[in-house]
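Student:
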Amino acid sequence: MLRRLSPVFIEEAFRRRSYYKTFSWMIAVIGLLAIIVALHQLNKTLEEGKRFEEAAKAIDIVIPANHATQDLTSYYLASLEKQVEEPQVTKQAETSLFHLYEQLKEEQAIGPARKELLEELTKLERQGYESNHRFFTASTNFKSEVIFNQLVLSKETGSYYDVFSHLIMMEEQLGKSAQILREARRDNEISSIDRLRIQQMRIDLPIRQQSLMNALYEVVSLQDDTGRQEIANMRSQMRNYTETLDELLSTSNDQNYAKLANQSKQYETSMYQIYDQKLKQVQQEMQHRGSQIIQNAWLLFATIILVIAALLILNWLLLRAFRKDISLLQSEANTFAEDRRQSGYHVHERNDFKPVVQAFRTMTAIIAGLLDHSDANTKEIKQKKAEIESLFSQNTDPILALSSDYTILNGNDRFRQLTHATSGWTIEELVHPADLNRMRRALQQAIEGNSQTIRCKMLFDEDILNMFVNIIHVPNKEDETGVALYLSCHDETDQFRREERITQLALFDMLTGLLNRNGFEQKMQDALRAPQTGELVTISIRQFRRINDIYGHRAGDQILKDLANRLKHHFIGTGQAARIGGDEFAVLVAQQDIVDYEKLKQVIEHVYEINGEFVNVSISMSMVRYPDDAVAVTSLLSSVDIAMQHAKQQTEGGPVWFEPWMSAEYLESVVLEGELRDAIEKNELQLFYQPQINLATRQVDGCEALLRWFHPERGMISPAVFIPIAERSMLIEEIGMWVVAETVRQVEAWKETELGSLRVSANLSVKELVSGRIVDYLTGVREIHPGIEDRMELEITESFGVFSDGRVFEALQTLHQMGYRLAIDDFGTGYSSLSYLSRLPIQRLKIDRSFISGPDACSNAPLIETIIKLAHTLKYDVVAEGIEELEQANHLQQLDCEYAQGFYYSRPIPADEFRVWYGKYHETLLSE
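Just so we're aligned, residue 0 is where the sequence shown starts under numbering that gives the first Met the number 0, counting upward by one.
1) Helix or strand or just coil, what does DSSP make of V878?
2) Within the same chain, show all residues whose beta-carbon is closer than 7 Å to that of I641, passing over the 5 residues directly before and after it, in chain order.
3) Rounded to the nearest angstrom, how far is the Cβ of A678 from that of W708, given a contact under 8 Å?
4) Express the C-alpha separation of L116 and G673 in angstroms, rounding to a whole number.
5) Return the chain-ordered ranges of every alpha helix (DSSP H) run that is complete within the region 670 to 749 and spans a minimum of 4 residues.
6) Less than 9 Å between the beta carbons of A810 and L768, yes or no?
7) Check the DSSP bridge columns for I908 and list the partner residues they point to.
8) Among A719, D700 and L675, which one has its Cα closest to the Cα of P711?
9) Going by alpha carbons, who is nearest to Y819 out of E667, Y596, E46 and E794?
10) On a CA-only basis, which of I731, E80, H552 and N148 is nearest A112? Give me that one, please.
11) State the DSSP-derived secondary structure class of R541, mapped to helix, strand or coil.
12) Any idea if K43 is buried or exposed, counting beta-carbon neighbours within 10 angstroms, 16 or more meaning buried?
13) Given this structure, state the Cα-to-Cα distance separating E477 from R440, to the nearest angstrom.
14) Just curious, the alpha helix (DSSP H) that I501 is in, first and last residue?
15) So V430 and C455 are supposed to be a Cβ contact under 8 Å. How far apart are they, rounded?
16) Per the DSSP calculation, R454 is bridged to which residue(s)?
17) Report the option in I841, D876, N859 and V743 whose CA atom is closest to the CA atom of A910.
18) For F97, count neighbouring C-beta atoms within 10 Å of its own C-beta (all shown protein chains included) and say buried if the count is 16 or more, exposed if not.
19) If I measure Cβ to Cβ from V746 and keep anything under 7 Å in the same chain, skipping five residues before and after, which residues do I get?
20) Assign T89 to one of three DSSP states: helix, strand, or coil.
21) By the three-class DSSP mapping on this structure, what secondary structure does V36 have?
22) Using the rule of at least 16 other Cβ atoms within 10 Å of the residue's Cβ for burial, across every protein chain shown, is S926 buried or exposed?
23) For G410, which residues does DSSP report across the bridge?
24) Between which two residues does the beta strand (DSSP E) holding G574 run?
25) Restricting to Cα atoms, I'd like to know which of F613, I571, D582 and E608 is closest to I593.
26) Considering only DSSP beta bridges, list what F932 is partnered with.
27) Helix, strand or coil for G289? Go by DSSP, reduced to three states.
28) Where DSSP assigns a beta bridge to R820, which residues make up the other side?
29) Should P861 go down as buried or exposed, given a rule of 16 or more other Cβ atoms within 10 Å for buried?
30) Among D396, N436, G512 and M523, which has the Cα closest to the Cα of L464?
31) Given D628, which residues of its chain have a CB within under 6 Å of its CB, disregarding the five upstream and five downstream residues?
32) Starting from L587, trace the beta strand (DSSP E) both ways and give me its first and last residue.
33) Rounded to the nearest angstrom, what separates E883 and G771 at their Cα positions?
34) Given this structure, state the Cα-to-Cα distance separating V588 from P530, to the nearest angstrom.
35) How is R758 classed by DSSP in three states: helix, strand or coil?
36) In three-state terms, what does DSSP make of I197?
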């Protein structure tokens, strides 16, 4: 305004008024304006200095956040060395996290990152360090928000931005890596999911390391030998760490876990040393600049006030003597108006107006100095903006420039490559609708001076990218460019997809797309916490192995997928389906009494079409209500499993609801299972023998070895009770091996007696044949006791689909080739395929007792006759079980049945009693 003062106006004023009055007012106005400008500049400069001091103080919170992150990581690393129980490690982590929590509560600024970090700290305190927390991610967001808000004041904005970005990301990566390794170490054996995570970690760490090294070399000078040596140490430590990761993936052992823990601690020590050094460097720079600005502001203000006061007094004294000549003053006014500081016009020493001209020149010089100081501040702001613009143009990540109303003004080359456009994009078009409100809130807080960080999805043409966005506030947002905010977007899509893939593998079944057991248990936990009641149903495919053996595994997989699709469609909006086992499914129903399970069973069992063939599938189904029958995930699953065991025992396989008495029965079976294990070791098991009679000669042809359990407290326990328990608990193979071994011992004991000619039958389990152990054992027995194969018969119980298993068929062929006689026990109950029956290397069929002495025995006569004729057609002998009356034996003899076995002849009895019975029976035959 002063430079626009017209010289003509000054001349006219002097003409109309006295010199004294006009010049006095002019000097007073100029002095007053100079004081106002000085006060305004003082206030502005003090605020600027205070901003620097506050920025330095704000960074203080980052240091305890670093300590908490480092100590929590150390806690996880200690578990790799089996030191997790040491109080010192746990106490140190607890102290650091508590200290950070207290400091965050005292912080006045409220932002989403601070709130998120407080929530994670609370979660850690309540649920423990083993919980599924997001502390490392929340800490990264918080530190990014704090540091980047202050970096705009630093002289090294661009360099520091890169360094701290990579340091923060590496810190998060190391923390998550320690957490992943702890989970893998806890399970002893590395699972497939943990292996995928460790492999991805092995890929990510060197990439993150290289970016960090490049950024560090930019800020560490060539003369700083210590700093450069520390960077070199970090490079070497990371190389050792990744090599040990490779060893761990090939060989999982305690030594490799301990090496990883030690190497990670060394790397963190070096990294945090540089981290703290750079933080202190930034703080010192800001503190120094703030103090210097405030000190210089007060000195400048005091000097200006003194000079103005002195000039005003001097001019007041000189005005009394000045003369009519005003041309000199007019010349100085013209010079000042033309933006020159002083004119070159020479004033004669004897001119009375020379002091006034010199005073005016001094006054204009002071005002020009104030204007120059303001220009210097403007130049400094422009320099900072130039640094940001340089970072804007050279960064490989997409960066956008926004105005104060969130209009996208410009984008760097990477942004234009992604959008294929130079202008016309809006925030609403760029940000995914699901994240738009969060982005608007973050932009509003950034406009208010608080730079933000946010993770969101962005839409670029047909691509949806997951971005980690730093929103940087530009201090002077009303300049000629209109730029108020810069958005630096780091593409995390690949990392997000990898994490999503790992989550998919961890929570979903790859074949059917349903939840797996882990994911389903999480859904169950959520459902049990909700007030709504519901139901849990489990579905198991009966004889699924038979389907795989007959139609192939591809067909089996297709049936699983089709069944999953039927469940999805049946429970749309009412339930969540999952595959919780190989051939087991489960559904969490949102309400009670809304599902017709009989109809559901029909839907699932409806014929399946596989490659043009129609396949019938039978299922077992069990249901339980929550929270009526259970209030926890484990008890809910346990209850529905108990009901499933009852469902599988039913021939028709109808839906079975869980009942409280089932738990008592199950607990009893668990107790019996433990006692059965002890029974094997304590020799509580014993073999009884039941004779097999030749119906034509009435001679004893052989006997069957039958297992009995004599419990010291419960007495004799029926095989119908403990054999199913043994089959469920995987004890059946061990018991079966004991039965065969005991049979061999008894055959050898009878070898030199009158019983030496008898053939003794022993029962084999399917598991023995599948594993191949029994084949190896009997091969050895045959070598030790030559000819024993002629005195033994091996029986395998007929069951649905058992002979379709190639391993069973192969084991039977091997035993047959060694000379052992083979028989099918309980024939008629297992629905054996006639094609398999004709191919089996067996010599005898044993008709199940239910056909002989059951309630339908009279009506079964035609069926028995058919079985006998079928056996004879296949050249098999026939043994009829369950003979209790002479008439039954006579009738079977008329049907050409060769052998009989049952209570009519003798109950199963111990070996010594059997020998006595054998003698008496022969005496009776001789007497007749």
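Positions of the beta carbon are idealized from the N, C-alpha and C atoms, including for glycine.
On a predicted model such as this, the values are computed, not experimentally measured, just so you know.
Tutor: Looking at the coordinates:
1) strand
2) F657, M661, S662 and Y665
3) 6 Å
4) 49 Å
5) 718 to 727 and 731 to 748
6) yes
7) Y688
8) L675
9) E794
10) N148
11) coil
12) exposed
13) Caution is warranted here: a pLDDT of 47 is assigned to E477, below 50, making its placement in the model unreliable, and the coordinate value is therefore given only provisionally. E477 and R440: Cα-Cα distance of roughly 21 Å.
14) T492 to L506
15) 6 Å
16) F467
17) V743
18) exposed
19) V759, I787, R790 and M791
20) helix
21) helix
22) exposed
23) L399
24) G574 to R578
25) I571
26) The requested residue 932 is not part of the displayed model; the chain covers only 0 to 927.
27) helix
28) E792
29) exposed
30) D396
31) S638 and F657
32) E583 to V588
33) 37 Å
34) 14 Å
35) strand
36) helix
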